[in-house]
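A.B. asks: The sequence shown runs 57 to 203 under the working numbering. From the three backbone atoms N, C-alpha and C, an ideal C-beta is built for every residue, glycine too. Dropping a structure here in structure tokens format, bear with me for questions.
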Amino acid sequence: MVMSFERIRKRILDEFDRLEKEIEATFTSIMEEALGILYPPKPMWSPEGTLEPLINIKEYDDKYTIIVDLPYANLNTLSIDAKGKSITIKCLLKKRIKFDRWSTLQHQREFYEYKKTVVLPDDADTLNFKVVKRRECMVVIEVPKRV
57 MVMSFERIRK
67 RILDEFDRLE
77 KEIEATFTSI
87 MEEALGILYP
97 PKPMWSPEGT
107 LEPLINIKEY
117 DDKYTIIVDL
127 PYANLNTLSI
137 DAKGKSITIK
147 CLLKKRIKFD
157 RWSTLQHQRE
167 FYEYKKTVVL
177 PDDADTLNFK
187 VVKRRECMVV
197 IEVPKRV
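Okay, structure coming up:
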């Protein structure tokens, strides 16, 4: 079976795209490990409709405190899950938020949920976290340190 020029071209371009993504992921992983940062910084939103909430992590002698800012969130839908040394926070917005002319491409974007995964140091006992404070749009999570 003979493939058309366009099909061959498409397969080659698809392979280049795959390789580019693989190289970028490897480079980002190396930079993160070497410098402790993500490079390049990722956006705080996704095209799938999620926003990343602002967070602040404080370290104390016996625990970590994660302060999460969730403006316009429905805290009745808050879910916090721990896995390994990560804590994932999800919460639906009170209603969908729509932006027209979002970014330089002038696309419309609609957001419905906050989602953030926080990776803590190895001494964090993420399985024993507790929510210590919930106010209108702020959540405070305490994660004890392992002894």
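#1: Based on the DSSP output, what are the partners of A129 in its beta bridges?
#2: Who are the Cβ neighbours of M194 in its own chain at under 8 Å, not counting the five residues just before and after it?
#3: For F185, does the three-state DSSP call read helix, strand or coil?
#4: Enumerate in chain order the residues of its own chain whose CB-to-CB distance from R205 is below 6 Å, with the five nearest sequence positions on each side excluded.
#5: At which residues does the beta strand (DSSP E) containing D137 begin and terminate?
#6: Taking just the CA atoms, how far does E198 sit from G140?
#7: When the Cα of R165 is compared with those of P177, R152, T173 and L176, which residue comes out closest?
#8: Could you spell out the range, first to last residue, of the beta strand (DSSP E) harbouring Y168?
#9: For the beta strand (DSSP E) holding K114, just list the boundary residues, first then last.
#10: What is the DSSP secondary structure of E192, reduced to helix, strand or coil?
#11: What does P200 pair with, by DSSP beta-bridge criteria?
#12: I believe Y120 touches L176 by the beta-carbon criterion, under 8 Å. Please report the beta-carbon distance rounded to the nearest angstrom.
C.D. replies: Concretely, from the data shown:
#1: Here the question's residue 129 lines up with position 73 in the sequence shown. Looking at the DSSP assignment, A129 forms a beta bridge with L149.
#2: Start at 1 with the first residue of the sequence shown, and residue 194 comes out as number 138. Contacts found: I123, V124, D125 and L126.
#3: In the sequence shown, counting from the first residue as 1, residue 185 sits at position 129. Coil at F185, not helix or strand.
#4: Residue coverage of the chain in this structure runs from 57 to 203, which leaves residue 205 outside it and unanswerable.
#5: In the sequence shown, the residue the question calls residue 137 occupies position 81. That run of the beta strand (DSSP E) goes S135 to K139.
#6: Your numbering for residue 140 matches position 84 in the sequence shown. Your numbering for residue 198 matches position 142 in the sequence shown. Taking the Cα positions, G140 is about 16 Å away from E198.
#7: Against the sequence shown, residue 165 aligns to sequence position 109. Nearest in C-alpha terms to R165, of all of P177, R152, T173 and L176, is R152.
#8: As a working note, residue 168 is residue 112 in the sequence shown. Its beta strand (DSSP E) spans residues H163 to V175.
#9: To locate residue 114, count along the sequence shown from 1; it is residue 58. Segment L110 to E115, the beta strand (DSSP E) holding K114.
#10: Within the sequence shown, numbered from 1, the residue matching residue 192 stands at position 136. When DSSP states are grouped into helix, strand and coil, E192 belongs to the coil group.
#11: As a position in the sequence shown, residue 200 is number 144, starting the count at 1. As a beta-bridge residue in DSSP terms, P200 pairs with K119.
#12: Along the sequence shown, one-based indexing puts residue 120 at 64. Along the sequence shown, one-based indexing puts residue 176 at 120. About 6 Å separates the two Cβ atoms, so the contact holds.
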